[in-house]
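2 protein chains.
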Amino acid sequence: MRKRLRESRFAYRYGLSTPAYRELVFDWLRELAREGLGAAAYPRSYGGGGNIARFLAIFETLGTHDQSLTVKFGVQFGLFGGSIYQLGTERHHARYLRDVGTLALPGCFAMSELGHGSNVREIETEAQYDPVAREFVIDTPKESARKEWIGNAACHGRLAVVFAQLAVGGENRGVHAFLVPIRTPAGGVWPGVRIEDAGEKGGLNGVDNGRLWFDRVRIPRENLLNRYGDVSPEGEYTSPIANPARRFFTMLGTLVAGRISIALAAQSALKTGLTIAVRYGAVRRQFGPSEGREVPILDYLTHQRRLLPAVATAYAFDFALKGLVSRFVAAAESGHEGESEYRRVEADAAGLKALATWHTIAALQAARECCGGQGFLAVNRIAQLRADTDITATFEGDNTVLLQLVAKGLLTDYRQQFHAAGARGMLRYLGSRASARLARVNPLVARRTDEEHLRDPEFQLGAFRYREDRLLGSAARRLKHRMEAGTDGFSALIECQDHLLALARAHVERRMLEEFIRATESAEPALRPVLNRLRELFALSVLEREEGWLLEHGVFEGSKGEAVRALVNRACGELRPHAVSLVDAFGIPDEIVGAPIAVAASR
Amino acid sequence: MRKRLRESRFAYRYGLSTPAYRELVFDWLRELAREGLGAAAYPRSYGGGGNIARFLAIFETLGTHDQSLTVKFGVQFGLFGGSIYQLGTERHHARYLRDVGTLALPGCFAMSELGHGSNVREIETEAQYDPVAREFVIDTPKESARKEWIGNAACHGRLAVVFAQLAVGGENRGVHAFLVPIRTPAGGVWPGVRIEDAGEKGGLNGVDNGRLWFDRVRIPRENLLNRYGDVSPEGEYTSPIANPARRFFTMLGTLVAGRISIALAAQSALKTGLTIAVRYGAVRRQFGPSEGREVPILDYLTHQRRLLPAVATAYAFDFALKGLVSRFVAAAESGHEGESEYRRVEADAAGLKALATWHTIAALQAARECCGGQGFLAVNRIAQLRADTDITATFEGDNTVLLQLVAKGLLTDYRQQFHAAGARGMLRYLGSRASARLARVNPLVARRTDEEHLRDPEFQLGAFRYREDRLLGSAARRLKHRMEAGTDGFSALIECQDHLLALARAHVERRMLEEFIRATESAEPALRPVLNRLRELFALSVLEREEGWLLEHGVFEGSKGEAVRALVNRACGELRPHAVSLVDAFGIPDEIVGAPIAVAASR
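If you read the protein sequences in the order shown, they are chains A and B.
So our numbering is basically just the index in the first sequence, starting at one, shifted up by 106.
So our numbering is basically just the index in the second sequence, starting at one, shifted up by 106.
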C-alpha cells in the first residue's frame, strides 16, 4: 500500500472544485479496486482475498493519505460490501460480492435518517411484505425518514443496502436490511427513488454524500439480507435469534469492523499530521537568546508539551488498536459473532473509536497551531486532515453515545458479579486490584514523589485501575440510590452522564496502558528504553489531567501532583532528541506526507 | 450593520470556487466601502467617520457573518489603512486615507515573512536610503525574507505597507514601515515586485493571501511612514523615541486595535455557532425513556455541559471585551499611546485575544459535534466558522507567544513593586487581596461546600485572585532561583514556560470575572438573576478545570472539588430553560445565522 500510494497517480491535488475532487477520488478508488484491494476481506470464491486483517491494514494505510479516498473505500467495500457479506447469505454473496469488489457495482449503505442518526432502532423507513407479488415495498413515509448522509449516493451508487422497519402481515419485526436499486446501469435514477446531493461539507468533499427518498419502491423478496431474519414466500417471518432486541444488536454488531476502521484511519491521519508538525518544529527557528541564533521551536517547553504527549498517546492508541484488531480477527475468523469475547471486542471498539477520534481532532489542532500560518496552507495538509477527521467524532456512532455504551457494559458486568457471587465475588473482584488498594490504604505511597516511583509502570497502572474501579463503584451506587428513591432508569442515567463518561474514559485508558506495557515487554530490547519513556509520558499526562480527582480521592497527597507536572516536563525534554525518529518510525513515505514544510525541510 | 447584512446582497453562497469566492467577498467589501463603513475610524477631514468605537462595532458585527469578509475588511481598513493612519503623518493621511476608505486604493499590510512571523524584530527585508536619489531601495535579500501570508496581495492590492529594516548611512535603525506599490493602477504587477498566490487554505478562502518579493524597488523618501522615525533628504535619521526597543514596541503597539478586533470577531463567530447549536439542541430529539417520546438532546447533561459553560464563557468574554474596547477608545482618543494605561490595554488585548480565540475554536468544535452530521454541512455554517477562525489562534500574534507577553508584563510589575517599596510594597500588594489571603489561612473556608458559599462571587473571585497571586509569586521565585544559579534569562524562561502560561490564563480569567460581576451590577435588575447564574457557571467551570491546582495549594480541601462539579451540573440544569433566550440575546438576525437547522427549526 505504501509503495502504491507513493506513485504519481496518487499525488495530491489542491483547490479542486467539488465535482472534480469527487471524480479524482472515484478514479483513485477504481485503481485500488482494479488491483483487488477492495475485495481483500471477501471470500476467495467471490474474487476476494479472504483476509480481513489485510483489509484493515489497507484501510489503515489509506488513512495516512487522503481521507475522502479512505472514507469512499470504506463505504464501498466495508459498509456496502461488508453488510452484504455479514447480513446477507449465499445467494447475495454469489450474486453481488464480485461486482462490489471490482467496483463494477458501486453502492451505498443507507442506515441514517434525518430524524434518527444515533438511535437507529427508531428509523422510520418502511419495508412492507406483499405476499401476492412476493415483493417488499420500500417507502419513506415522512420527511424525517429520508436517508441522510449516504456516501456514494449523490453521484456513483447504483444499489443501496437500505435499513428499514420490516412489516410482515401487519406485524413490525424491527430493523432489517434490504438491497434496493437507486440508479439504473445506465446511470439514471431508479423509478420511485429520489436522490439529492448533500452539498458542500466541512471536509471530505471528495465523497459524494446524498439523501434518498423511496416512493413505494418494489424489490423482490430475495433482496432481504436474510442472515438474521427471513420472510418466506407466503409471508412467514423466521429468525435464528428469538429476542428482537438481541437480534437488532447482533445485526449492528456485525458492523464493528467499521468502528475499528474509523479509529485506525483517524490515527493514521494524526500520524501524518504529527510527522509534519514534529519535523517542522525541529527545523523552524523563532526567537532565541539576546545574543545568538534563534532556536528550533521544538526546543520550547510549550511546544514540546503540545506535541510530545500527543505522540506518546498516538503510540498508545497504536498498540491498543493493534491488539484489538488481532482479537477482532480471531473472533471473526472463528465465526463467534454474538458470543462474549466478540461483545467485549465490540465494547472496546466503541471506546477506542471515541477516544482515538477525539485525540486525533485535538492533536491535529495542536499540530496546526504548532506550524503557525504554514499549517493553515492546504499543501501542508494538516488543516485538511483536521477538517476531514472532524466528522469521525460523530459518525459510525456519536462518541458521547459510544462512551455511554461502554460504561453501561461495565455496570452490567459489575452488577452481574455482585449478583452471581455476593460478597465473595466482590472480594475476588477487589482482590484482582491489589496495587490499587495499596495506593488507597497506604498514605506513604500516596505521598511518594520520587522519580523512580512516578516512572514505575506498577504505580501508573495501579492509579489507572484504582480510578476506574472507584468510578465504577460510585457510579453503580449513585444509580442505585436514585432508582431506589423512585427515579426512572432513563432519568437516573442522564443525571449521572458525566460520571459515566469519566468511567468509560478511565476504562479505555487503563486498557491502553496495559497494552502499552505489554507491547514494550515484547519489543526488541533495544527499543524498550524509548518505549518506556513514551509510556511514562502517556501515563503521566493522563495522571496530570486527572490530578484533581486523584487528590480528591486520596490517591495523591501533598505535592504529588506538582511532582507529576514536573516529571511531564522532564519526560518531554528526554524525548525531544528522539522526536523526529519517533514520527519517522510511523513509516509514512515522503510522497504521502506530502507537506513541503515536512519533506523539504527535514531532508 | 445588522440590517445591512440581512439584505439579500449579503446572502451566503456555498460551494464556490476560490476565485469566485474571492470576487464575491471583494464585491461585498465594495458595498461596505461605498456606504462609508470602512472609513469609520479615519478623521472626518479625509472622508472618515472619526469614530473608532463605531469601527470596532462594525467589525464585531461583521464577525457574525462571513469570516473572509471580516478579515478582508480588517486587512484593508484596519491593518493597511490603520497603519497609514497610525504610523504615517499628515502627508500620508492627506494623500491616501480617502482612497483607502472608498476602496479606490486596495492595499496590503506586509509585515510577516517566511522566516519571521512571531519574531517581527528579526525580519530581513531591507530598506536602504539612497541620499543621492532621495529614495529608499526596498529589497528581499533572501528567500526567508519573502513577505508571507499577505492579505489582498494575490489579487486586489495595489499599495503595500511594507515593514523592513531601515538602513541609513550604513547604520541599521530597526524595523520601519514604507509604502511600496505592488500593482499599477491598470492592475499589472509593479516593476521589481514578484507576487505569488498563497493558494488554498484551511479556511478564509475568500481572502486572497499572497507572497511578495522586492528586487531593489525604489520608492520616494516620502513613502516612509515617519511618525516614529524619519530620514531627512540628506540622510539624517531622527526619532521622537530615543530607545530603539521602545520605538519598536511603540510602533507595534499602534496595532493593538487589530488584536482587539480579532478577539471581537472570533467571539462573534462563536455566538453565531452557539446560536445554531443551542437552537438545534432544543428541538432535535434522540433517545428517550423506553415508553415515551424521545427527548430534546439539550436535556442531556452531557449536551448541556458541552454547550452551556461555553455560552456562559461567551458572555464573560463579551463583558471583558466591551470593557477593553471602552478603555482602548478612551486611551486612543486622548492621544495617550505609549503611556501606562495604553500599555495595560495592550497587555489585556494580548491576553483576551489569546483566550477568546482558543475558546472560540474549542467551543465551535463542541457546537459542531453537538449538531452531529448536520453540523458538518456547509449550509449549517458551524464547520466553516470553525475552519475560518482556526487561524485566529496564530495570526496577529501566536497565542502562546501573547500569553508569555502577558506573564512577562505581570512579572515586571511585580518586581517593580518589590524594588520600589520593599516589604511595605509587598504588604500593600498582598493587602489588596484580602479575600484570597482569607481562603489561604482559613481552613473553614477551604472546606465549605454549601451552595450559598460556592455561588458567592466573593468566594469565586477570591479563589481566582489567590490563584493568580500565587502563580505570580511562585513564577517570580522560580525564575529568580534559576538565574541566581547561573541559568541565562532565556533558558530560565523556557524552563518555566508552562508556569507562565498558567499565570497569564489565571490573570485574564480573574479580569474576566471582575468584569462579569461589574456588568451584572450595572445591568437592569430584571436581568441580574440570569446573569448571576451565567457568572456562576463561568466561574465554577474554571474552578472545576483547576481543581487539581486548588486542592494542591489548599484553596480547596476535602470534597469541595466534588461539590463544585455537582454545582456545575446543577447550574447547567438551571440555565437549560433559558438556553434559547440566552443565544437569541446575542441578537443575530436569522438571515445572518443562516443555518437551516437553526432558523427553520426554531421558528
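C-beta atoms are modelled at their ideal positions from N, C-alpha and C, and glycine is treated no differently.
Remember, it's a predicted structure, so these values are computed and weren't measured experimentally.
Provide the residue span of the alpha helix (DSSP H) that contains B:G568, from first to last.
P563 to E590
When DSSP labels each residue in this structure, what does B:P287 get in the three-state scheme?
strand
Give every residue of the same chain whose Cβ lies closer than 6 angstroms to the Cβ of A:P563, excluding the five residues on either side of it in the sequence, and list them in chain order.
I623
Among the residues of its own chain, which have a CB less than 7 angstroms from the CB of B:A720, if the five just before and after it don't count?
Residue 720 of chain B falls outside the range modelled here, since chain B spans only 107 to 709, and no answer is possible.
Taking the Cβ atom as the reference point for each residue, do A:G457 and A:V226 lie within a distance shorter than 8 angstroms?
One thing to note: A:G457 has its Cβ no nearer than 8 angstroms to the Cβ of A:V226.
By the 10 Å Cβ neighbour count, where 16 or more other Cβ atoms means buried, how is B:A251 classified, buried or exposed?
buried
Closer than 8 angstroms by C-beta to B:S647: which residues in its own chain qualify, once you throw out the five before and the five after it? Chain order, please.
Cβ within range, chain order: P415, A418, T419 and V674.
Quick check: is the beta carbon of A:V551 nearer than 8 angstroms to any beta carbon in chain B?
Interface with chain B (8 angstroms Cβ-Cβ cutoff): A:V551 is excluded.
Going by C-alpha to C-alpha distance, which of B:E141, B:L376, B:A453 and B:E328 sits closest to B:G154?
B:E141
Would a check of beta-carbon distances place B:V716 closer than 8 angstroms to chain A?
Given that chain B is displayed from residue 107 to residue 709, the structure contains no residue 716 of chain B and the question cannot be resolved.
Closest Cβ-Cβ distance between B:I600 and chain A: below 8 angstroms?
Interface residue, yes.
Would you verify that the beta carbon of A:G667 is, or is not, closer than 8 angstroms to some beta carbon of chain B?
yes
Does the pairing of the stretch 200–215 of chain A with the stretch 133–152 of chain A give three or more beta-carbon distances under 8 angstroms?
Touching, yes.
Which residue's Cα is closest to the Cα of B:E196: B:N332, B:E663 and B:I366?
B:N332
Who are the neighbours of A:Q173 on chain B, taking C-beta pairs under 9 angstroms?
Chain order gives no chain B residues near A:Q173, where near means a beta carbon separation below 9 angstroms; the closest approach is about 13 angstroms.
Around the C-beta of B:D556, are 16 or more other C-beta atoms found within 10 angstroms, so that it is buried, or is it exposed?
exposed
Quick check on A:P326: buried or exposed, where buried means 16 or more other Cβ atoms within 10 Å of its Cβ?
exposed
Looking only at its chain, what residues have a beta carbon closer than 6 angstroms to the beta carbon of A:E653, apart from the 5 residues adjacent to it on each side?
Sequence-distant partners of A:E653 (beyond 5 residues in either direction) whose C-beta falls short of 6 angstroms from its own C-beta, in its chain, are G667.
Any beta carbon of chain B sitting closer than 8 angstroms to that of A:F165?
no
Please report the straight-line C-alpha distance between A:R110 and A:V243, rounded to a whole angstrom.
44 angstroms
If you follow the beta strand (DSSP E) that B:Y235 is part of, which residue opens it and which one closes it?
E232 to D236
Please classify B:P346: does DSSP put it in a helix, a strand, or coil?
coil
Per DSSP, what kind of secondary structure is A:G303 in: helix, strand or coil?
In the sequence as presented, Gly is not what sits at residue 303 of chain A; that position holds Asp. Strand.
Kindly give me the distance between the Cβ atoms of B:G394 and A:F596, rounded to whole angstroms, as I take these residues to be in contact under 8 angstroms.
7 angstroms
Please return the same chain residues whose Cβ sits closer than 6 angstroms to the Cβ of B:G233, not counting the five positions on each side in sequence.
The sequence given here places Ala at residue 233 of chain B; Gly does not occur at that position. The answer, listed in chain order, is F242, I244, A270, L272 and F284.
Could you have a look at A:E650 and say whether DSSP puts it in helix, strand or coil?
helix
Simplified DSSP state of B:Q471, which is helix, strand or coil
helix
Inspect the beta-carbon positions of B:R553 and B:G660 and report whether they are closer than 8 angstroms.
For B:R553 and B:G660, no; Cβs fall outside 8 angstroms.
Distance, A:L508 Cα to B:Q392 Cα:
Those two C-alpha atoms are separated by around 14 angstroms.
First and last residue of the uninterrupted beta strand (DSSP E) at A:F692:
Segment: none, A:F692 is in no beta strand (DSSP E) and carries neither H nor E.
Would you call the stretch 401–413 of chain B and the stretch 423–433 of chain B touching, i.e. three or more CB-CB distances under 8 angstroms?
no
Anything in chain B within Cβ reach of A:D594, meaning under 7 angstroms, just list it in chain order.
P395
Residue span of the alpha helix (DSSP H) that contains A:V131, given as start and end
T124 to R140
From which residue to which residue does the beta strand (DSSP E) around B:V243 run?
E241 to D245
Neighbour-count burial assignment, A:T518, 16 or more Cβ in a 10 Å radius
exposed
According to the neighbour-count rule (16 or more other Cβ atoms, all chains shown, within 10 Å of its Cβ), is B:R119 buried or exposed?
exposed
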